[in-house]
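*Asks:* Residue numbers (our numbering), protein chains in the order written: chain E, 1 to 250; chain W, 1001 to 1289.
Think of the CB as a built atom: it goes at the ideal place given N, C-alpha and C, for glycine as much as any other residue.
Treat the numbers as computed from the prediction; the structure is a model and nothing was measured.
Below is the structure I would like to discuss, written out as structure tokens.
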Ligand SMILES: Nc1ncnc2c1ncn2[C@@H]1O[C@H](COP(=O)(O)OP(=O)(O)OP(=O)(O)O)[C@@H](O)[C@H]1O
Ligand SMILES: [Mg+2]
């Protein structure tokens, strides 16, 4: 297994964001994690990257226990995150944003060939490479965020709701890209609320309901499972107190 | 007149160093580090102390600067890092505590009197068409410019500079990208502290006196220079520092020393009323670096 989570729990004070979760991503797999607002999806990805501390459990990457490793080491080891909301640095140029993706690799020599490969992938970025990233549209920002993550040379790319706020055409485009990157050997852990789209590219999926695993399985199994639907309705009837968690701005 | 302008620019270059030092801290870490005038003072007083102990001045200055690096790291450890997550006023007040601590440590070490600083550059002056340029002053003007240009270049063009600017814009994103804040933040404290301390050393060589409280007035002018230039903007800090230096020298020349502070702070007040965001700042969006 490339990534293996054992009984992972994350809590913020009294709020239990993830509870005793077991999850794996195999080499070359696309795995999706689905769940409604506040299900704990972002917390999960941030814990895997080492930004959010875990309260219990174990994270192993490529066989090594990384539960206590610092974020730069994890990224250097081959994990990259395309964060929720893209988090582009708008005061820096497109080129600088891309270069920042390679930070954890240390003083590597010439990055120009890798930049050129990204520009090939996203011609929109190429034209404006030396302009401030604030000039980009939402879709282009998402492309920049993906390109930036690729510059970390990841073996596992984690994406947090990449389709959020994008037009269907752009969503199709980036999901096609995920397929191609995956065919080239990149493993992907994809967090989405766009269930249909995510299941269309995934090999396996997990559905979270308020931090707990509701169901997991193949896309066919999940599509047929009423627990997937239920997870999106906020855990059953009536919208009780816990059903409307405050929104974390990650 | 031209002579006064030259003198003003040279005094201003000291303020520039302190203002840029403060600006790095505010612009990158969003932290108004009140210990900076203390680090300025340590630069001057420790150099004096080492010379008095019989060391050659270059060795004395280098020792003082190294000591300031250590002091800056101590400040980082016990203000910024220790109190992360608390209200923003907490590290501010504790850095003020470090200013007072440094001042009193030096008070115990050297006493409260102004100490005469030895003239190590025996009268080497340049005369250019009627203008008298003092050697040490000229060196400090050039050195200030070189240092600030260098910092600006590092920030713009290097890998570390990009990482620092990323932290300035959004520390959390910087963390997600794998920027090692535990390593970069102390470096920022050292760079900022060194600038202030170099200012203190140059002040001592130029004006030939040091005291445990020499940082206060300069620190106040440095903060004013930073604010009038536009908080967090290096070029603003430079403009502000030079402006204050020139205003100060001119008002001494025309009105006498009793009026200096009235004129200097009067001008600043007027400027801030006219441009509340500072010379290089924007009112709504604080521009960084
Ligand atoms: N920094 C934080 N401090 C306290 N509670 C938090 C924090 N971040 C998230 N939470 C809480 O943890 C729970 C899970 O949040 P998380 O952001 O991981 O959910 P999510 O599945 O990513 O939601 P969304 O789809 O809205 O992005 C929520 O109840 C949220 O309020
Ligand atoms: Mg989220």
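(1) Using the Cβ count rule (16 or more neighbours within 10 Å means buried), how would you classify residue 117 of chain E?
(2) Quick check on the DSSP output: what are the complete alpha helix (DSSP H) runs of length 4 or more inside the region 1076-1131 of chain W, in order along the chain?
(3) Output yes if chain W places a C-beta closer than 9 Å to the C-beta of residue 104 of chain E; else output no.
(4) Which one of E:232, E:206, E:212 and E:213 has the shortest CA to CA distance from residue 221 of chain E?
(5) Are at least three pairs of beta-carbons, each pair with one atom in the region 75-89 of chain E and one in the region 1161-1180 of chain W, less than 8 Å apart?
(6) Whose CA, out of E:162, E:47 and E:150, lies closest to the CA of residue 66 of chain E?
(7) Any C-beta of chain E sitting closer than 9 Å to the C-beta of residue 1175 of chain W?
(8) What do you get for residue 1291 of chain W, buried or exposed, if any count of 16 or more other CB atoms within 10 angstroms of its CB means buried?
(9) Could you work out which residues of chain E lie near residue 1169 of chain W, taking near to mean beta carbons separated by less than 8 Å?
(10) Here's the rule I'm using: 16 or more other beta-carbon atoms within 10 Å means buried, otherwise exposed. How should residue 1025 of chain W be labelled?
(11) Going by beta-carbon coordinates alone, are residue 1091 of chain W and residue 1189 of chain W separated by less than 9 Å?
(12) At which residues does the alpha helix (DSSP H) containing residue 1155 of chain W begin and terminate?
(13) Using three-state DSSP, classify residue 1263 of chain W as helix, strand or coil.
(14) Specify whether the region 108-123 of chain E and the region 139-147 of chain E touch according to this definition: at least 3 beta carbon pairs, one from each stretch, less than 8 Å apart.
(15) Give me the chain E residues within the contact set of residue 1137 of chain W, using Cβ-Cβ distance strictly less than 9 Å, ordered along the chain.
(16) Can you give me the C-alpha to C-alpha distance between residue 1263 of chain W and residue 1245 of chain W, rounded to a whole angstrom?
(17) What does the alpha-carbon distance come out to for the pair residue 3 of chain E and residue 21 of chain E?
(18) So, is residue 160 of chain E buried or exposed, given that buried needs 16 or more other C-beta atoms within 10 angstroms?
(19) Mind checking if residue 1248 of chain W is an interface residue toward chain E, Cβ cutoff 9 Å exclusive?
(20) Along the chain, where does the alpha helix (DSSP H) containing residue 54 of chain E start, and where does it finish?
(21) Report the partner residues of residue 1241 of chain W according to the DSSP bridge assignment.
(22) Look at residue 24 of chain E and residue 201 of chain E and say whether their C-beta atoms are less than 9 Å apart.
(23) Residue 1259 of chain W: buried (16+ other C-beta within 10 angstroms of its C-beta) or exposed?
(24) For ligand 1, is there a heavy atom less than 8 Å away from the beta-carbon of residue 142 of chain E?
(25) Alpha carbon to alpha carbon, how far is residue 1272 of chain W from residue 1222 of chain W? Give it in angstroms, no decimals.
(26) Any heavy atom of ligand 2 closer than 8 Å to the beta-carbon of residue 163 of chain E?
(27) Please tell me whether, using a cut-off of 8 Å, the distance from the CB of residue 283 of chain E to the nearest non-hydrogen atom of ligand 1 is below it.
(28) Given that a residue counts as buried once 16 or more other Cβ atoms are within 10 Å of its Cβ, and exposed if not, what is residue 1104 of chain W?
(29) Just checking, does the region 52-70 of chain E make contact with the region 166-183 of chain E on the three C-beta pairs under 8 Å criterion?
(30) Taking the Cβ atom as the reference point for each residue, do residue 1097 of chain W and residue 1215 of chain W lie within a distance shorter than 9 Å?
(31) Can you tell me which of the three DSSP states residue 114 of chain E falls into?
(32) Going along chain E in order, which residues have a C-beta closer than 9 Å to the C-beta of residue 1180 of chain W?
(33) DSSP three-state call for residue 1055 of chain W: helix, strand or coil?
(34) CA-CA distance, residue 10 of chain E and residue 29 of chain E?
(35) Residues of chain W with CB under 8 Å from residue 49 of chain E, in chain order?
(36) Where does the unbroken alpha helix (DSSP H) through residue 1275 of chain W begin, and where does it stop?
*Replies:* Once the coordinates are examined:
(1) The residue labelled residue 117 of chain E in the question sits at position 117 within the first chain. Per the 10 Å Cβ criterion, exposed.
(2) 1089-1110
(3) If you number the first chain from 1, residue 104 of chain E lands on position 104. True, the Cβ-Cβ gap to chain W drops below 9 Å.
(4) Translated into the one-based positions of the first chain, residue 221 of chain E becomes position 221. Closest by alpha carbon: E:206.
(5) yes
(6) For the purposes of this step, residue 66 of chain E is taken as residue 66 along the first chain, with counting starting at 1. Ranking E:162, E:47 and E:150 by Cα distance to residue 66 of chain E puts E:47 first.
(7) To locate residue 1175 of chain W, count along the second chain from 1; it is residue 175. It does; some Cβ of chain E falls within 9 Å.
(8) The structure shown does not extend to residue 1291 of chain W, since chain W is modelled only from 1001 to 1289, so the question has no answer here.
(9) As a position in the second chain, residue 1169 of chain W is number 169, starting the count at 1. Those are 89, 90, 91 and 92, listed as they occur along chain E.
(10) Sequence index remark: in the second chain, residue 1025 of chain W carries index 25 (1-based). Buried: at least 16 other Cβ atoms inside 10 Å.
(11) The residue you call residue 1091 of chain W lines up with position 91 of the second chain. The residue you call residue 1189 of chain W lines up with position 189 of the second chain. Cβ distance not < 9 Å, so residue 1091 of chain W and residue 1189 of chain W don't count as in contact.
(12) Within the second chain, the letter at position 155 stands for residue 1155 of chain W. Segment 1135-1157, the alpha helix (DSSP H) holding residue 1155 of chain W.
(13) Here residue 1263 of chain W corresponds to residue number 263 of the second chain, with the count starting at 1. Helix, per DSSP.
(14) yes
(15) One-based indexing of the second chain puts residue 1137 of chain W at position 137. None at all; the shortest Cβ gap to chain E is about 36 Å.
(16) In the second chain, the residue the question calls residue 1263 of chain W occupies position 263. In the second chain, the residue the question calls residue 1245 of chain W occupies position 245. So the alpha carbons of these two residues sit roughly 12 Å apart.
(17) The residue you call residue 3 of chain E lines up with position 3 of the first chain. The residue you call residue 21 of chain E lines up with position 21 of the first chain. So the alpha carbons of these two residues sit roughly 13 Å apart.
(18) Taking the first residue of the first chain as 1, we reach residue 160 of chain E at position 160. So residue 160 of chain E counts as buried.
(19) For the purposes of this step, residue 1248 of chain W is taken as residue 248 along the second chain, with counting starting at 1. Cβ-Cβ to chain E under 9 Å: no for residue 1248 of chain W.
(20) Within the first chain, the letter at position 54 stands for residue 54 of chain E. It is not in any alpha helix (DSSP H) - residue 54 of chain E carries neither H nor E in the DSSP assignment.
(21) Position 241 of the second chain holds residue 1241 of chain W. The partner list for residue 1241 of chain W (beta bridge, DSSP) is empty, contrary to what the question assumes.
(22) Sequence index remark: in the first chain, residue 24 of chain E carries index 24 (1-based). Sequence index remark: in the first chain, residue 201 of chain E carries index 201 (1-based). Contact flag unset, no.
(23) Counting from 1 along the second chain, the entry for residue 1259 of chain W is found at position 259. Exposed, since its Cβ has fewer than 16 Cβ neighbours within 10 Å.
(24) Within the first chain, numbered from 1, the residue matching residue 142 of chain E stands at position 142. No.
(25) Sequence index remark: in the second chain, residue 1222 of chain W carries index 222 (1-based). Sequence index remark: in the second chain, residue 1272 of chain W carries index 272 (1-based). Whole-angstrom Cα-Cα distance: 15 Å.
(26) Mapped onto the first chain, residue 163 of chain E falls at position 163. Residue 163 of chain E Cβ: outside cutoff for every heavy atom of ligand 2.
(27) What is shown of chain E runs 1 to 250, which leaves residue 283 of chain E out entirely.
(28) Taking the first residue of the second chain as position 1, residue 1104 of chain W is located at position 104. With fewer than 16 other Cβ atoms within 10 Å, it is exposed.
(29) no
(30) Residue 1097 of chain W sits at position 97 when you count from the first residue of the second chain. Residue 1215 of chain W sits at position 215 when you count from the first residue of the second chain. Going by C-beta atoms, residue 1097 of chain W is not nearer than 9 Å to residue 1215 of chain W.
(31) Taking the first chain and counting its residues from 1, the one referred to as residue 114 of chain E is at position 114. Helix, per DSSP.
(32) As a position in the second chain, residue 1180 of chain W is number 180, starting the count at 1. Those are 70, 71, 72, 103 and 104, listed as they occur along chain E.
(33) Within the second chain, the letter at position 55 stands for residue 1055 of chain W. It is coil, neither helix nor strand.
(34) Walking along the first chain from the start, residue 10 of chain E turns up at place 10. Walking along the first chain from the start, residue 29 of chain E turns up at place 29. Looking at the two C-alpha atoms, the distance is approximately 25 Å.
(35) Mapped onto the first chain, residue 49 of chain E falls at position 49. Going along chain W in sequence order, the residues near residue 49 of chain E (Cβ under 8 Å) are 1176.
(36) Position 275 of the second chain, counted from the start, is the residue given in the question as residue 1275 of chain W. Premise fails: residue 1275 of chain W is in no alpha helix (DSSP H) and is neither H nor E.
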